[in-house]
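J.:
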Amino acid sequence: MHRKGTVRAGALKVNAIAQHSDPASVILDVAQHEKIDLIILGSRGLGTIKGLFRGSVSNKVNQLSDCCCITVK
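If you're matching positions, the sequence shown starts at 10 in our numbering and goes up one per residue.
1. Label I48 either buried or exposed according to how many other C-beta atoms from any shown protein chain fall within 10 Å of its C-beta, with 16 as the threshold for buried.
2. What's the C-alpha gap between L73 and K22?
3. Quick check: the Cα distance between D46 and G54, rounded to an integer number of angstroms?
4. If I follow the unbroken beta strand (DSSP E) through I48, where does it start and stop?
5. What residue range does the beta strand (DSSP E) around V81 cover?
6. From which residue to which residue does the alpha helix (DSSP H) around H42 run?
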C-alpha cells in the first residue's frame, strides 16, 4: 500500500526509509529511535526451522524488539 492509501486507511504517520544494511537491524534501530509502538511485518512463510537457519527478518525483529510486533502471512 502506498503512502496516500495508508494515510486514508487511518495511519497517522508514514515514513519510507531506504538503507543498505541488515533489514532487521534497521527496523529495530528505527523503531527504537522513533519510539514506535507497533511494528507490522510481512512473512515469507519460511516456517520456524527454515527461518532460523536462513535468518528470517520477521523472526529476528519479533525476538529482539522492545515494542509489540504483528507478523502477517
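Just so it is clear, CB atoms sit at the ideal spot from N, CA and C, and this is done for glycine as well.
T.: Looking at the atomic coordinates:
1. Buried.
2. Roughly 23 Å between the two C-alpha positions.
3. Near 24 Å, if we compare the C-alpha coordinates of G54 and D46.
4. That run of the beta strand (DSSP E) goes L47 to G51.
5. Here the beta strand (DSSP E) through V81 covers C77 to V81.
6. It spans P32 to H42 - the alpha helix (DSSP H) in which H42 sits, taken as one unbroken run.
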